[in-house]
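Structure, as structure tokens:
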Amino acid sequence: MDKGELIERVQNYIGRRLSLAESTKAQYRSDLYDLVDVAIEVGVPDFSNDSLRIIFSHYRKQKLAQRTILRKASVARGFVDFLNSTEGKVDASRPLNVGKSVHSLPRPMPTSTTARILDAAEAAARSSKERTVAQDWLILELLYGSGLRVSEVANITFGQIDAAGGYVRVIGKGAKVRDVPISKASTSAYKNFLSVVGISSLRIGEKIFINSRSNPLTPRDVRRVVDRWSTTPTSPHRFRHSFATDLLNGGADLRSVQEMMGHSSVATTSIYTAISLSALKEVHAKTHPLSNDD
Numbered sequence: 088m089d090k091g092e093l094i095e096r097v098q099n100y101i102g103r104r105l106s107l108a109e110s111t112k113a114q115y116r117s118d119l120y121d122l123v124d125v126a127i128e129v130g131v132p133d134f135s136n137d138s139l140r141i142i143f144s145h146y147r148k149q150k151l152a153q154r155t156i157l158r159k160a161s162v163a164r165g166f167v168d169f170l171n172s173t174e175g176k177v178d179a180s181r182p183l184n185v186g187k188s189v190h191s192l193p194r195p196m197p198t199s200t201t202a203r204i205l206d207a208a209e210a211a212a213r214s215s216k217e218r219t220v221a222q223d224w225l226i227l228e229l230l231y232g233s234g235l236r237v238s239e240v241a242n243i244t245f246g247q248i249d250a251a252g253g254y255v256r257v258i259g260k261g262a263k264v265r266d267v268p269i270s271k272a273s274t275s276a277y278k279n280f281l282s283v284v285g286i287s288s289l290r291i292g293e294k295i296f297i298n299s300r301s302n303p304l305t306p307r308d309v310r311r312v313v314d315r316w317s318t319t320p321t322s323p324h325r326f327r328h329s330f331a332t333d334l335l336n337g338g339a340d341l342r343s344v345q346e347m348m349g350h351s352s353v354a355t356t357s358i359y360t361a362i363s364l365s366a367l368k369e370v371h372a373k374t375h376p377l378s379n380d381d
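Just so we're on the same page, our numbering is the position in the sequence shown counted from 1, plus 87.
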């Protein structure tokens, strides 16, 4: 196989996936470039499933995590489908099986940790007129108060947040649009942000979060915001986990949480019920007389 031709096909495939977020395209591109390199290294003749089995055997020897292997397999299957639809040359008659999915429970933050981070950001924002501090507070509130994904926060434009209506219009995965309620704290953070940057400096449809070079924030920049305010290692996604878990612990129904999270399937959201159940079991063990050894 010619590497140059394969890279060109990868680029053509990525270019046609218009609905993918830029961060997802970058991940696809990285996985497929790696697939090409390994294919050439192990000397397979094509991307048939027999060849893919040899490639993924190589990945196993590299001791890649099962979650990574499953992702790479999914990306590879999509690429093979593309090759078959455009060239019809790849034999995919024998399904590629790389094992089962690993269901690890998400790790929400303790409510005390979340509160400490948000309180610190609010205190700093209220005593400062710096744009960076004001937008940090708003970003953190949206991550926890509305459970937004990192890319969704980074891509928010002026006009998406409706403070009067109490919601933010989000463009999620697959360019799906959903309206998510915002908390009172998020509303306060947004009003503070507007007072600092000035409404006249904002334009409808333009991204509102910028970095020190006045460029729109990237998902990596959002992660830096979280790192800046966290005293212990955490991530933006843990804010999202905490959002879902705290809603369910507070009595929210699964369908409502699914809608707010932007999950295509309620099965994805249901993983948070396991955490909620764990919390309930802990309360039961501590408080019910038949669960108390004393």
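Glycine residues also receive a C-beta, built at the ideal position from the N, C-alpha and C atoms.
The structure displayed is predicted, hence computed values, not measured ones.
Asked                                                                                                                                                                 : Found
Go ahead and label Asp-223 buried or exposed: buried means 16 or more other beta carbons lie within 10 angstroms of its beta carbon, across all protein chains shown. : buried
Would you kindly work out how many angstroms separate the C-alpha atoms of Arg-325 and Arg-194, rounded to a whole number?                                            : 6 angstroms
So, is Ile-234 buried or exposed, given that buried needs 16 or more other C-beta atoms within 10 angstroms?                                                          : Here the sequence assigns Gly to residue 234, which means Ile is not the residue at that position. Buried, because 16 or more other Cβ atoms sit within 10 Å of the Cβ of Gly-234.
Helix, strand or coil for Thr-244? Go by DSSP, reduced to three states.                                                                                               : strand
Can the beta-carbon of Arg-103 be found closer than 8 angstroms to that of Lys-112?                                                                                   : no
Rounded to a whole number of angstroms, what is the C-alpha to C-alpha distance between Asp-133 and Gln-114?                                                          : 22 angstroms
For Asp-89, which three-state DSSP category applies?                                                                                                                  : coil
When the distance is taken between beta carbons, is Leu-229 closer than 8 angstroms to Ala-208?                                                                       : no
Per the contact definition of three or more C-beta pairs closer than 8 angstroms, is the stretch 256 to 266 in contact with the stretch 235 to 243?                   : yes
Beta-carbon within less than 6 angstroms of His-350's beta-carbon, same chain only, minus the 5 sequence neighbours each way: which residues are those?               : Thr-356
Could you pull the DSSP bridge partners for Tyr-213 from this structure?                                                                                              : The amino acid at residue 213 is misidentified as Tyr; the sequence shows Arg. According to DSSP, which records beta bridges pairwise, Arg-213 is partnered with nothing at all.
What does the alpha-carbon distance come out to for the pair Tyr-359 and Val-344?                                                                                     : 10 angstroms
Look at the alpha carbon of Gly-285 and the alpha carbon of Arg-315, and state the distance between them as a whole number of angstroms.                              : 24 angstroms
Would you mind working out which of Val-123, Ser-106, Asp-168, Ala-108 sits nearest Glu-94, comparing C-alpha positions?                                              : Here the sequence assigns Ile to residue 94, which means Glu is not the residue at that position. Taking only the C-alpha atoms, the option nearest Ile-94 is Val-123.
In chain order, which alpha helix (DSSP H) runs of at least 4 residues are fully inside the stretch 318 to 367?                                                       : 323 to 336, 341 to 348, 353 to 356
So, using beta-carbon positions, are Pro-303 and Ser-110 closer together than 8 angstroms?                                                                            : no
Just list the residues that DSSP pairs Ile-226 with in beta bridges.                                                                                                  : Note: Ile-226 sits in no beta bridge, so no partner.
State the Cα-Cα distance for the pair Lys-263 and Asp-206, rounded to the nearest angstrom.                                                                           : 32 angstroms
Take the Cβ of Ala-212 as the centre, count every other Cβ of all protein chains shown within 10 Å, and call the residue buried at 16 or more, exposed below.         : buried
Count the other CB atoms, across all protein chains shown, that sit within 10 Å of the CB of Arg-342; report buried if there are 16 or more and exposed otherwise.    : exposed
Mind checking Gly-232: buried by the 16 CB within 10 Å criterion, or exposed?                                                                                         : buried
Sort Val-167, Leu-119, Ala-108, Lys-148 by Cα distance to Asp-137 and report the nearest one.                                                                         : Val-167
Smallest Cα separation from Asp-333: which of Asp-249, Ala-202, Asn-279?                                                                                              : Ala-202
Tell whether a beta-carbon distance below 8 angstroms holds between Lys-294 and Thr-244.                                                                              : yes
Determine the direct distance from the alpha carbon of Arg-265 to that of Phe-296, and round the result to whole angstroms.                                           : 20 angstroms
So is Lys-159 buried or exposed if we call it buried at 16+ other beta carbons inside 10 Å?                                                                           : buried
The alpha helix (DSSP H) with Pro-306 in it runs from where to where?                                                                                                 : 306 to 316
Would you identify the three-state DSSP class for Arg-103, choosing helix, strand or coil?                                                                            : helix
Here's the rule I'm using: 16 or more other beta-carbon atoms within 10 Å means buried, otherwise exposed. How should Ile-127 be labelled?                            : exposed
Applying the criterion that 16 or more other CB atoms from any shown protein chain within 10 Å of the CB defines a buried residue, is Val-267 buried or exposed?      : buried
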